[in-house]
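Reviewing the structure listed below.
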Amino acid sequence: MSALNLIPANVNLSFIPKRKMFMAFSALLVAASVFMFLSKGLNYGIDFKGGIMLEVRTEKAANIAGMRTTLGDLGLGEVSLQEFGQPTDVLIRIQRQDGGEKAQQEAVNTIKAALGSSVEYRRTEFVGPKVSDELFWDGLTAVGLAVLAILMYIWFRFEWQFGLGAVVALSHDVITTIGIFALMGFEFNLSTVAAVLTIAGYSINDTVVVFDRVRENLRKYKKMPFPELLNNSINQTLSRTVITSVTTMLALLALYFLGGEVIRDFSFAMIWGVLIGTYSSIFLAVPILLNLNIKRVGSLVGETETEQAP
Amino acid sequence: MVYFSKAKMIAVLLVCLLGIAFSAPNFFKEETLNSLPDWLPHKHVNLGLDLQGGSHLLVEVEFNVVINEQLETVVDDVRTALRKARIKYTGLGVDGKTGVKVTIRNADKTEEARSLLRALGTLMDISESNNTIRLVLTEKAITERRSSAIAQSISIIGRRIDPTGTRELSIQRQGDERILIQLPGVKNPERIKRLLGKTAKMSFHLTDNRLDEAIRGRIPPGSKLLYRVASDNQRGPVLIKKRVMVSGEDLIDSQPSTDGTSGEPVVSFRFNSRGAKKFGRATADNVNRPFAIVLDGEVISDPVIREPILGGSGQISGSFSFQEATELALLLRAGALPAPLTILEERSVGPGLGADSIAAGKIASIIGMVLVVAFMAIAYGKFGFMADIALVINMLLILGGLSALQATLTLPGIAGIVLTIGMAVDANVLIFERIREEVRLGRGPVSAIDAGYSRALTTIIDANVTTLIAAALLFIFGSGPIKGFAVTLGIGILTSMFTAIMMTRLLVVLWLRRTNPKKLPL
Numbered sequence: 000m001s002a003l004n005l006i007p008a009n010v011n012l013s014f015i016p017k018r019k020m021f022m023a024f025s026a027l028l029v030a031a032s033v034f035m036f037l038s039k040g041l042n043y044g045i046d047f048k049g050g051i052m053l054e055v056r057t058e059k060a061a062n063i064a065g066m067r068t069t070l071g072d073l074g075l076g077e078v079s080l081q082e083f084g085q086p087t088d089v090l091i092r093i094q095r096q097d098g099g100e101k102a103q104q105e106a107v108n109t110i111k112a113a114l115g116s117s118v119e120y121r122r123t124e125f126v127g128p129k130v131s132d133e134l135f136w137d138g139l140t141a142v143g144l145a146v147l148a149i150l151m152y153i154w155f156r157f158e159w160q161f162g163l164g165a166v167v168a169l170s171h172d173v174i175t176t177i178g179i180f181a182l183m184g185f186e187f188n189l190s191t192v193a194a195v196l197t198i199a200g201y202s203i204n205d206t207v208v209v210f211d212r213v214r215e216n217l218r219k220y221k222k223m224p225f226p227e228l229l230n231n232s233i234n235q236t237l238s239r240t241v242i243t244s245v246t247t248m249l250a251l252l253a254l255y256f257l258g259g260e261v262i263r264d265f266s267f268a269m270i271w272g273v274l275i276g277t278y279s280s281i282f283l284a285v286p287i288l289l290n291l292n293i294k295r296v297g298s299l300v301g302e303t304e305t306e307q308a309p
Numbered sequence: 000m001v002y003f004s005k006a007k008m009i010a011v012l013l014v015c016l017l018g019i020a021f022s023a024p025n026f027f028k029e030e031t032l033n034s035l036p037d038w039l040p041h042k043h044v045n046l047g048l049d050l051q052g053g054s055h056l057l058v059e060v061e062f063n064v065v066i067n068e069q070l071e072t073v074v075d076d077v078r079t080a081l082r083k084a085r086i087k088y089t090g091l092g093v094d095g096k097t098g099v100k101v102t103i104r105n106a107d108k109t110e111e112a113r114s115l116l117r118a119l120g121t122l123m124d125i126s127e128s129n130n131t132i133r134l135v136l137t138e139k140a141i142t143e144r145r146s147s148a149i150a151q152s153i154s155i156i157g158r159r160i161d162p163t164g165t166r167e168l169s170i171q172r173q174g175d176e177r178i179l180i181q182l183p184g185v186k187n188p189e190r191i192k193r194l195l196g197k198t199a200k201m202s203f204h205l206t207d208n209r210l211d212e213a214i215r216g217r218i219p220p221g222s223k224l225l226y227r228v229a230s231d232n233q234r235g236p237v238l239i240k241k242r243v244m245v246s247g248e249d250l251i252d253s254q255p256s257t258d259g260t261s262g263e264p265v266v267s268f269r270f271n272s273r274g275a276k277k278f279g280r281a282t283a284d285n286v287n288r289p290f291a292i293v294l295d296g297e298v299i300s301d302p303v304i305r306e307p308i309l310g311g312s313g314q315i316s317g318s319f320s321f322q323e324a325t326e327l328a329l330l331l332r333a334g335a336l337p338a339p340l341t342i343l344e345e346r347s348v349g350p351g352l353g354a355d356s357i358a359a360g361k362i363a364s365i366i367g368m369v370l371v372v373a374f375m376a377i378a379y380g381k382f383g384f385m386a387d388i389a390l391v392i393n394m395l396l397i398l399g400g401l402s403a404l405q406a407t408l409t410l411p412g413i414a415g416i417v418l419t420i421g422m423a424v425d426a427n428v429l430i431f432e433r434i435r436e437e438v439r440l441g442r443g444p445v446s447a448i449d450a451g452y453s454r455a456l457t458t459i460i461d462a463n464v465t466t467l468i469a470a471a472l473l474f475i476f477g478s479g480p481i482k483g484f485a486v487t488l489g490i491g492i493l494t495s496m497f498t499a500i501m502m503t504r505l506l507v508v509l510w511l512r513r514t515n516p517k518k519l520p521l
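Here it is as structure tokens:
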């Protein structure tokens, strides 16, 4: 078995010289995401909004219009139905009921009575107002703390400029993920928060690998112009970045297409995260270092290698 | 680097063997496992409710009801004590959420009243200003009462849901006033919720014949207006005496049965000796007068006493369906909850969806694995193949780790495993790319491999620690299925670092020793 070099060994693409273009593109993405978030908003799932969700299976292809009329007549407020994976499966969402915790439970009973026993209840979920508020804040805290903890770690392992670069890239990834969820109208729930946190981990993972190389090159080539050094660092790690993204993507695509309807949105968030995470570590995290005035004195390791063009 | 100590080699192999041993049971059926010798691990992975089907119910104990009841008792005690001592008072009642207050009319008597009330109990702080005495439950008393109410609720919920004590269910306290109930494989969550929806406080009362007066709005003191619950044609008001003849606490058994003459479903019950004595005396004194059986503030039946009931047993007929009679008997047997429960959250998954999710998860994992394995072999040839072996071992280690720790595998957990398949090879990618670079810089095979492993190591650790941080936070803040995702992601990172660094290194060393190549096929 012989190996195949997917990325040529002497690859030398110019990332840094074109950085303004990429930064502008990212700024645009972030601005569009914030706009989508503010104008259209997120389609919060019952985890955060409270309410009722039922997944039912009918014997023959479901009569969604009929079900919609039946459930709409119950006076439970906003009811949404959608086919879920196959024609016999329907996902029903009912808005959070006024009147506290008990009202949710009563609404579930009303719905089940209306649909009768001819359907199979594959999933019944309801979240009352108390729990949904808590889950929302817990989710927000988790994401906030994760960003903070990762920042601390990078700061501890590198210099503060790297930490800042990593956090800018990370925030960019999280914000654009939220943006795409608002744009596509995908449900934003607890699993999405888990996906966002994983994206954060992955994005940083990618960034750290390139940063590591930058740090190493800073020690090795003390006189190389900074932009050239950064550009070389990206090119040297490009093969790894691409290959890891491909393997992760292969696994996630399998999950997206074969893992079932329940985690499809979750898989989508991760696929998006891998794409955007890879993009941001190359085009955002490293170029930012250029503007952050990194000190280039004293190599910590006694490696005194001669300058050589890589 | 070509040197790989014997001890280290054995350690690596041992870890792999342990992983295989602990993951192996998952590939066999339960029956096969039972026939294996005891010293072999035979635990399956613990499947979450979203995979095996089941109900997750988060309920809240309405603890303020317990406190209110306690305060009402204190009010009664204060009234009795002051009347006995002939001290005149006004404004006796519950004060705020945890206190009782009373104003003494005659200022001279305040001190006497105060010492009388202090004797009522040590659970209350007592204070006085302008002849008004305040009794407030102490923090400690409230905390203790709360703990005991929750503990009592947990045991009663257990007896209601699982009277025979044979099911695999978990009922745990969560936070201050909540209880998390997890029921694997439950087919009818509605029945469970019905059983939780009732406090099941039962008491027997005499009725008061001044019903007409009460309906007009003048309820005699010491009586209470309640309504019949039974069926619609009997729905109507009943005036009962507040004093309890016998309470449900004195019941020792109750069973569903059918009435001998009418054949309709009834609940037959039996009192303990104390209850039997009280019930016998009360019925003997009140022959031909009606009494009421009250359940959770509603009258389920108000028959007329035909003759004294001295044997300590009887039956309740309330136009029940057979199912209702069965459930009521169960509730009475299990005992009354100290306070009503509110269901805050329900997540029930039917067995069909669970099985579908497992099947989909399996296929996604296998296909994901095949794709990654093929890609690695194409990208890195022989070395990719070694990484593939490490990947397979890694999967077994994750499965073995989950089985050994008895951690719960959920649907997001499966997603975590699939993600790990993709990311686990990252460490190898880093190492192999580094080796390629070192070769390009002109190093020989052995030295290039050596440098590749040692230089990639810090990067691998830095990159993985950040993902571990995310996994840890998910574990802390996540609930249910998300915790499952955090667990598989966390275990996956640890095992993948082991297999990608130690395992492949072992394989590479063995290969180097055998072939001693001049040039690396990388």
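Residue numbers (numbering that gives the first Met the number 0), protein chains in the order written: chain A, 0 to 309; chain B, 0 to 521.
We put the CB at the ideal spot given by N, CA and C, even for glycine.
Note that the structure is a prediction, hence the values are computed from the model and not measured.
Asked                                                                                                                                                                 : Found
Go to Arg113 of chain B, then tell me how far its beta strand (DSSP E) extends in each direction, as first and last residue.                                          : Run containing Arg113 of chain B: none in the beta strand (DSSP E); it sits in the alpha helix (DSSP H), Thr109 to Arg117.
Are the Cβ atoms of Glu176 of chain B and Arg227 of chain B separated by less than 8 Å?                                                                               : no
Within this structure, are the beta carbons of Ser356 of chain B and Asp49 of chain B separated by less than 8 Å?                                                     : yes
Rounded to whole angstroms, what is the Cα-Cα separation between Gln104 of chain A and Thr198 of chain B?                                                             : 16 Å
Under a CB-based cut-off of 8 Å, is Gln85 of chain A close to chain B?                                                                                                : no
Indicate whether at least one CB of chain B lies closer than 8 Å to the CB of Ser117 of chain A.                                                                      : no
Please tell me whether Leu249 of chain A has its Cβ less than 8 Å away from any Cβ of chain B.                                                                        : yes
Closer than 7 Å, Cβ to Cβ, to anything on chain A: give me those residues from the stretch 397–422 of chain B, in chain order.                                        : Leu410, Pro411, Ala414, Val417, Leu418, Ile420, Gly421 and Met422
Please state whether DSSP places Gly53 of chain B in a helix, a strand or coil.                                                                                       : strand
Would you say Arg263 of chain A lies against chain B (beta-carbon separation less than 8 Å)?                                                                          : no
Around the Cβ of Pro188 of chain B, are there at least 16 other Cβ atoms within 10 angstroms (buried) or fewer (exposed)?                                             : buried
Which of the three DSSP states, helix, strand or coil, is assigned to His171 of chain A?                                                                              : helix
For Gly301 of chain A, which three-state DSSP category applies?                                                                                                       : Note that Gly301 of chain A has pLDDT 41, beneath the 50 cutoff, so the model's placement of it is unreliable and the number below is only indicative. Coil.
Only counting the same chain, and skipping five residues up and downstream in sequence, which positions put a Cβ closer than 8 Å to that of Leu289 of chain A?        : Ile15, Arg18, Phe225, Pro226 and Leu229
Could you please tell me which residues of the stretch 128–154 of chain A, in chain order, have their CB closer than 8 Å to any CB of chain B?                        : Lys129, Val130, Leu134, Asp137, Gly138, Thr140, Ala141, Leu144, Ala145, Ala148, Ile149, Tyr152 and Ile153
Looking at the unbroken beta strand (DSSP E) that takes in Leu91 of chain B, where does it start and where does it end?                                               : Tyr88 to Asp94
Helix or strand or just coil, what does DSSP make of Met223 of chain A?                                                                                               : coil
Using a threshold of 8 Å, state whether the C-beta atoms of Glu345 of chain B and Phe125 of chain A are closer than that.                                             : yes
Which parts of the stretch 105–134 of chain A are runs of the alpha helix (DSSP H), unbroken and 4 residues or longer, counting only runs that do not cross its ends? : none
At what residues does the beta strand (DSSP E) containing Glu158 of chain A begin and finish?                                                                         : Here Glu158 of chain A belongs to no beta strand (DSSP E), and DSSP marks it neither H nor E.
With DSSP as the reference, identify every bridge partner of Phe203 of chain B, one or two as the case may be.                                                        : B:Val245 and B:Ile292
What in chain A is Cβ-close to Gly351 of chain B, meaning under 8 Å?                                                                                                  : Arg56, Glu119 and Arg121
What residues in its chain sit with their C-beta under 8 Å from that of Leu252 of chain A, if we drop five residues either side in the sequence?                      : Ile270
Would Ala199 of chain A pass as a contact of Ile262 of chain A if the rule is Cβ separation under 8 Å?                                                                : no
Nearest to Arg92 of chain A by alpha carbon, out of A:Phe83, A:Gly115 and A:Gly98?                                                                                    : A:Phe83
Let me know the secondary structure DSSP gives Phe319 of chain B once reduced to three states.                                                                        : coil
Between Met22 of chain A and Phe36 of chain A, what straight-line distance do the alpha-carbon atoms span, to the nearest angstrom?                                   : 21 Å
So with CB distances below 8 Å, who are the chain A contacts of Glu189 of chain B?                                                                                    : Asn108 and Lys111
Select from the stretch 372–388 of chain B all residues with a C-beta closer than 8 Å to any C-beta belonging to chain A, and list them in chain order.               : Phe374, Met375, Ala376, Ile377, Ala378, Tyr379, Gly380, Lys381, Phe382, Gly383 and Phe384
Consider the Cβ of Ser356 of chain B: report whether some Cβ of chain A lies at a distance smaller than 8 Å.                                                          : yes
From the DSSP output, read off the bridge partner residues of Leu225 of chain B.                                                                                      : B:Val237
Under a three-way DSSP split, which group does Gln307 of chain A fall into?                                                                                           : Reliability of the predicted coordinates at Gln307 of chain A is poor, the pLDDT of 46 falling under 50, and the value obtained from them is presented with this limitation in mind. Here Gln307 of chain A sits in coil by DSSP.
Kindly indicate which residue of A:Ile242, A:Leu182 and A:Val146 has the alpha-carbon position closest to the one of Tyr43 of chain A.                                : A:Leu182
Note down the Cα distance separating Gln51 of chain B from Thr407 of chain B, rounded to an integer number of angstroms.                                              : 11 Å
If distances are taken between C-alpha atoms only, which option among B:Arg78, B:Thr494, B:Trp510 and B:Thr487 comes closest to Val14 of chain B?                     : B:Thr494
So, at 7 Å on beta carbons, what are the nonlocal neighbours of Ser13 of chain A in its own chain, with the 5 sequence-adjacent residues on each side left out?       : Asn230
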